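Novice:
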DNA sequence: AACCATATTCCCGCTCAATGGTAATCCTGC
DNA sequence: GCAGGATTACCATTGAGCGGGAATATGGTT
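Protein chains in written order, with our numbering: chain R, 1 to 261; chain C, 1 to 261.
1. Taking only the alpha-carbon atoms, compute the straight-line gap between residue 65 of chain R and residue 179 of chain R and give it to the nearest angstrom.
2. Which value, in whole angstroms, describes the spacing of the CA atoms of residue 183 of chain R and residue 230 of chain R?
3. How many angstroms separate the CA atom of residue 89 of chain R from the CA atom of residue 22 of chain C?
4. Classify residue 160 of chain C: buried if its beta carbon has 16 or more other beta carbons within 10 angstroms, exposed otherwise.
5. I'd like to know whether the C-beta atoms of residue 169 of chain C and residue 129 of chain C end up nearer to each other than 7 Å.
6. If residue 166 of chain R sits next to residue 139 of chain R, beta carbons under 8 Å apart, how far is it from one beta carbon to the other, in whole angstroms?
7. Cβ of residue 60 of chain C less than 7 Å from any chain R Cβ?
8. If residue 189 of chain R sits next to residue 233 of chain R, beta carbons under 8 Å apart, how far is it from one beta carbon to the other, in whole angstroms?
9. Helix or strand or just coil, what does DSSP make of residue 295 of chain C?
10. When the cut-off is 7 Å and only beta carbons count, does residue 259 of chain R lie next to chain C?
11. Okay, do the region 101-115 of chain C and the region 107-119 of chain R touch, 3+ Cβ pairs below 8 Å being the bar?
12. Residue range of the beta strand (DSSP E) that residue 58 of chain C falls in?
13. Quick one: grab the DSSP three-state call for residue 15 of chain C.
14. Select from the region 153-182 of chain C all residues with a C-beta closer than 7 Å to any C-beta belonging to chain R, and list them in chain order.
15. Quick check on the DSSP output: the alpha helix (DSSP H) that includes residue 76 of chain C runs from which residue to which?
16. At a CB distance below 9 Å, what residues from the region 103-127 of chain R approach chain C? Give them in sequence order.
17. Based on the DSSP output, what are the partners of residue 113 of chain C in its beta bridges?
18. Where are the beta strand (DSSP E) runs, 3 residues long or more, that stay fully inside the region 205-236 of chain R, in chain order?
19. For residue 257 of chain C, is the classification buried or exposed, using 16 other Cβ atoms within 10 angstroms of its Cβ as the cut-off for buried?
20. Which residues in the same chain as residue 240 of chain R place their Cβ atom closer than 6 Å to its Cβ, once the five residues preceding and following it in sequence are excluded?
21. With a threshold of 7 Å between beta carbons, is residue 213 of chain C in contact with chain R?
22. Determine the chain R residues that contact residue 78 of chain C at a beta-carbon separation under 7 Å, and present them in chain order.
23. Are the beta-carbon atoms of residue 87 of chain R and residue 214 of chain R separated by less than 7 Å?
24. Please tell me whether residue 32 of chain C has its Cβ less than 7 Å away from any Cβ of chain R.
25. Residue ranges of each alpha helix (DSSP H) run of no fewer than 4 residues wholly in the region 137-179 of chain R, ordered along the chain?
26. Starting from the beta carbon of residue 92 of chain R, find every residue of chain C whose beta carbon is closer than 8 Å, and list them in chain order.
27. Quick one: residues in its chain with C-beta nearer than 7 Å to the C-beta of residue 70 of chain R, no 5 flanking neighbours on either side, listed in chain order?
28. Straight-line CA distance for residue 163 of chain C to residue 31 of chain R?
29. In chain order, what residues of the same chain lie with their CB nearer than 7 Å to the CB of residue 127 of chain R, ignoring the 5 residues before and after it?
30. Say whether chain R places a C-beta atom closer than 7 Å to the C-beta of residue 54 of chain C.
31. Are residue 95 of chain R and residue 195 of chain R closer than 7 Å when you measure CB to CB?
32. If the cut is a Cβ gap below 7 Å, which residues of chain R does residue 10 of chain C touch?
33. Can you tell me whether DSSP reads residue 39 of chain R as helix, strand or coil?
34. Considering only the alpha carbon of each residue, which of C:18, C:50, C:51 and C:135 lies closest to residue 38 of chain C?
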């Protein structure tokens, strides 16, 4: 499934090309793209031209290329992210109106938290979450909420790995984390002061889907010194239940045991 | 550049596959995908498997497939849409907080308006704009604003085409439209009562980039019967200028002639 | 203008990955 | 069990993809 000596398929090369673009490299010359992807020059030009033809890439006046509007459109329209996003956004707006700092929605993907939406851009607090950006599971309130409601086998796999300690408050001990996850399930939210950057703390609550499995984590980032951050929890919880319901969640079925330990 | 008898490249088929998904078809079986794309069965399965391997598609428990998180992530992260969106969102939130109905951000693509962001989901009004959805240029306030500030040659091309009349108030006469575009440039906004659906009206203002060319249209959709919809304009304009500035716009350079007639 | 570095396009022969038909197998509901 | 569709397995054919190399365009420097 690869025409190239390197044993890579076109699809693989397509991924390499798209991956070469990120928030700080939204456009570049074809030559630079070739360098960044490591593809042979001629091959790069050939592929790029083909992608330009399909409008998956676009050429700007200067000659540089960037990811095409068509690509964004096709992917956005067909992706399930939009549905989740649309269900969540109204409630996120409400939260944002009250909390005023920064509201995010994250999902679990490839053992990391992937943020798919973010409202508010309060310059006064440190918040490194970016849309389409990733952060480790064990060092974010969103991640811990997602993990807490994931199958036990999955938790085991994550906790078995070496966990980076970002700040003093980052929990890295599996046993401690496990206890903490239990707490999160019981209390219904995760509050993490400065686990990834010391100045801010995150509070996150779970969003469930129709089958009562976790879909996403709704969270707010507030300054760490804020006196009673816990007061934010009810608003968040109400919003999360609203989103869950919009996704088709029926409420907790009585007698149903959770998929955790 | 095509291995298939049909003369289509892999990239072309990739596009066909991704296009098969939309907001009402976010997942389907491979067989159905084959039918929707019109690709030969075997080919469909082979391509899908390759895409699954790269996580551009994902298989769900039932066996159905959908557009992968990785695809959404790669495209979103590398696309210029994110930058525009991030510049716009804070201001859109402000507008939304005041106007309360529905705030959208649209750009010009392939001779249509492509909506890239939308806030508010007021069920009481009719608003057919969807994120990653398209509407014709001549029948939306956003479209007319975008057109009004586009190069004359482009305007000519659009106005030369047959223009669909959606409602009684839809302008389809090129001469009338041209005059209207001039008005829009002069007043700085477009207000269209019921040009596409009779119950609502849209008000739109332009967003400019660093080079003083139009980038997007910021608009609100309000019930048509609202007494003085024009009162919304100042808020919109202020927000649009904010977005423009966030994009690097320096303000109107004195003595610079507009790129219109 | 002459120069140089880099970006881009053009050319071309080799080759194996992609293709898609047919057939076997696996599900799933009746 | 049986029918109908979904999925996988097999395989001969072939032209699209490949990429080195040379030619050309572009742009900045002295």
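C-beta: ideal position from N, C-alpha, C; glycine also. Predicted model only: the values in this text are computed from it and were never measured.
Specialist: With the structure as the only source:
1. 50 Å
2. 15 Å
3. 19 Å
4. exposed
5. no
6. 5 Å
7. no
8. 5 Å
9. Here chain C comprises residues numbered 1 to 261, so residue 295 of chain C is not present and cannot be evaluated.
10. For residue 259 of chain R, the pLDDT reaches just 47, beneath the cut-off of 50, and the residue's location in the model is therefore unreliable, although a value from the coordinates is still provided. It does not: the Cβ of residue 259 of chain R has no partner Cβ on chain C nearer than 7 Å.
11. no
12. 57-59
13. helix
14. none
15. 69-78
16. 107, 109, 110, 114, 116, 118, 119, 120 and 121
17. C:108 and C:135
18. 214-223
19. Residue placement at residue 257 of chain C is poorly supported in this model, since its pLDDT is 47, which falls under 50; the coordinates are not used for a value here.
20. 205, 207 and 218
21. no
22. 18, 21, 22, 26 and 67
23. no
24. no
25. 141-148 and 152-160
26. Per Cβ cutoff of 8 Å: no residues; residue 92 of chain R is ~10 Å from chain C at best.
27. 55 and 56
28. 42 Å
29. 102, 200 and 221
30. yes
31. no
32. 10
33. coil
34. C:18
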